[in-house]
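Protein chains in written order, with this note's numbering: chain V, 216 to 513; chain A, 41 to 314. Note that beta-carbon positions come from the ideal geometry of N, C-alpha and C, so glycine has one too. Bear in mind the structure is a predicted one, so any value in this text is a computation, not a measurement. Contents: one structure, followed by commentary.
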């Protein structure tokens, strides 16, 4: 019995150690190395044949040079800042777009809800790449949006939307919208509707009853939704590459290019380590929020 | 939430919201049947892009690689993820428990670029050639965490005394698992597998880092061709993929709703018999 338990713990544990934790150790290590014209393209390599003195020498030649480089080159600082900014603005827009949808779903008649839920979940299962790609044909100069706007006569000349930050916002809002809708819907659905009626009976207008009663009660869902959009949007690569332009700076894209185009592995690793450090704050806050919810639910 | 009328505002926001979610995909589907190579100009109905797609060996090869990777990684991820869920929910205290649960949750919030980069550097460090195997290993690692979340949410609500009863009545722990626990958690295990499979089919970033020249997956192929702009073959391919997903999700939801109804009927009947 005990052997069984040990084996049950050992297998997934060993898998995660080997393929999750150790790889991060390697990223950290390479971020302290220097770029070199060799295979693999960094130095020093740990060479155990040199014995103890070889290991000491190896550790001595690791340094923070790449991190110093990141602080000196403005590009990286700007990329981090602009990722945070793009992720934040997209999160706010997603909230503004998603809340009314979740609210409508929660207020809809009971027999509609399974269908509405399915409609909200279906995009989850559809390829992310295809959903981003769909916008390329819509937002381009001769795309459907411009054709439509020209046809109804709002504009005279086509707008340039594709390859700007606007397209990136639209892409993020579109692909992450279900992540915002579902937690807010879950929070609203649990709510007791008679609270709203009570507020209205006591003389609240519908609008103020919403802001005084409904919205505060849905706050846990709003917070969860915001994190679920903000965290993945921060490290986004596909959306800025396909919809963004050359001036769109996002750190995921910079890392990608540093690795695939410049082949500078040490700098790419340092960029990854700093991105991880930036992400730790929202992730810890998110987990604390979830914990609080679980405790409140008990 | 009950109470309060379903107002005009609610109806409008639902209509506009779902239009926003579905119109882009609808346009994609319609224009995949467009005669013209110019994707934004309608030139009559045609299925010729589907024909060209089926003759494109590069796409077919990539689709085959993707399905292989998806099948193996989701199967491995389901086994490992179910084990991990058991460990998290049932195993009590052991050395390294908090490290274990940290490693189970971390990949869920980790940016794909970082996971991909880390795994690639790891594969190079141990001298493993990149190919189908490395993508399978990479996908298994992040998908098992999703499976574990899905399965453990079912395990938490599961009445452990059923399993203990089977053990008391003399079955071995494995038999008890197979004949009592597994049938009860099966829906969660199946949805875990489906989730892992979808994640694997969908993944571009991690696959780009961990694939070799001979193992291009469909998302990598799509990404490299749409970087140059919109193309009608990709529209046709997208339509096929959207079609499969739609049929799958609708079938799954009908099956699960039927099962729910049947379960409710059974419970009603049991009540009346008492």
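query, result
"Could you give the residue range of the alpha helix (DSSP H) that holds residue 229 of chain A?", "222 to 242"
"If the cut is a Cβ gap below 7 Å, which residues of chain V does residue 270 of chain A touch?", "351 and 352"
"List the DSSP bridge partners of residue 504 of chain V.", "Residue 504 of chain V is not bridged to any residue."
"In chain order, what residues of the segment 236 to 250 of chain A put their CB closer than 9 Å to some CB of chain V?", "238, 241, 242, 243, 244, 245, 248 and 249"
"Just how far apart, CA to CA, sit residue 279 of chain V and residue 469 of chain V?", "20 Å"
"Between the segment 152 to 166 of chain A and the segment 442 to 453 of chain V, can you find at least three pairs of beta-carbon atoms closer than 8 Å?", "yes"
"Determine the burial state of residue 343 of chain V: buried for a count of at least 16 other Cβ atoms within 10 Å of its Cβ, exposed for fewer.", "buried"
"Determine the closest residue to residue 232 of chain V out of A:137, A:272, A:191 and A:246, with distance taken between C-alpha atoms.", "A:137"
"According to DSSP, simplified to helix, strand and coil, what is residue 394 of chain V?", "helix"
"Here's a check: name, in chain order, each residue in its chain whose Cβ is nearer than 6 Å to the Cβ of residue 85 of chain A, leaving out the five neighbours to either side.", "73"
"Measure from the C-beta of residue 485 of chain V to each C-beta in chain A and report whether the shortest distance is under 8 Å.", "no"
"Is there contact between the segment 291 to 301 of chain A and the segment 376 to 386 of chain V, where contact requires at least three CB pairs shorter than 8 Å?", "no"
"Could you say if the segment 228 to 246 of chain A and the segment 42 to 58 of chain A meet the contact criterion of at least three C-beta pairs nearer than 8 Å?", "no"
"Residue ranges of each alpha helix (DSSP H) run of no fewer than 4 residues wholly in the segment 67 to 112 of chain A, ordered along the chain?", "88 to 95"
"Distance, Cα to Cα, residue 410 of chain V vs residue 510 of chain V?", "23 Å"
"Under 8 Å between the Cβ atoms of residue 232 of chain A and residue 185 of chain A?", "no"
"Put residue 325 of chain V into one of helix, strand or coil per three-state DSSP.", "helix"
"Can you list the beta strand (DSSP E) stretches of 3 or more residues lying completely in the segment 424 to 499 of chain V, in chain order?", "none"
"Does the pairing of the segment 57 to 77 of chain A with the segment 321 to 329 of chain V give three or more beta-carbon distances under 8 Å?", "no"
"Could you have a look at residue 169 of chain A and say whether DSSP puts it in helix, strand or coil?", "coil"
"Is the beta carbon of residue 312 of chain V closer than 8 Å to that of residue 488 of chain V?", "no"
"Can you list, in chain order, the residues of its chain with a C-beta nearer than 7 Å to that of residue 250 of chain A? Leave out the 5 residues immediately preceding and following it.", "156, 159, 160, 163, 170, 174, 175 and 178"
"Express the C-alpha separation of residue 268 of chain A and residue 308 of chain V in angstroms, rounding to a whole number.", "29 Å"
"For residue 188 of chain A, I'd like the list of residues in its chain whose CB is within less than 6 Å of its CB, leaving aside the five on either flank, ordered along the chain.", "121, 124, 125 and 144"
"Leaving aside the five residues before and after residue 404 of chain V along the sequence, list all residues of the same chain whose C-beta is less than 7 Å from its C-beta, in chain order.", "321"
"Please classify residue 358 of chain V: is it buried, with 16 or more other beta-carbons within 10 angstroms of its beta-carbon, or exposed?", "buried"
"Out of A:265, A:165, A:256 and A:167, point me to the one whose CA is closest to residue 103 of chain A's CA.", "A:256"
"So residue 391 of chain V contacts chain A; which residues on that side make the cut at Cβ distance below 7 Å?", "Those within 7 Å of residue 391 of chain V in chain A number zero; the least Cβ separation is about 11 Å."
"Can you find the residues in the same chain that come closer than 6 Å, C-beta to C-beta, to residue 112 of chain A, ignoring five residues on each side of it along the sequence?", "176"
"Check whether the Cβ atoms of residue 465 of chain V and residue 266 of chain A lie closer than 8 Å to each other.", "no"
"At least one CB of chain V closer than 8 Å to the CB of residue 152 of chain A: is that the case?", "yes"
"Against chain V, does residue 226 of chain A count as a neighbour if the rule is that its beta carbon must be under 8 Å from one of theirs?", "no"
"Against chain V, with Cβ distances strictly below 8 Å, would residue 222 of chain A count as a contact?", "no"
"In terms of residues, what are the limits of the alpha helix (DSSP H) holding residue 241 of chain V?", "237 to 246"
"Sorry if obvious, but does the Cβ on residue 394 of chain V come closer than 7 Å to a heavy atom of the ligand HEM?", "Absent from the structure shown: the ligand HEM. Ligands present: none."
"Would you please state the rounded distance, in angstroms, between the beta carbons of residue 393 of chain V and residue 301 of chain V? I believe it to be under 8 Å.", "Contact flag wrong, Cβ pair sits at about 20 Å."
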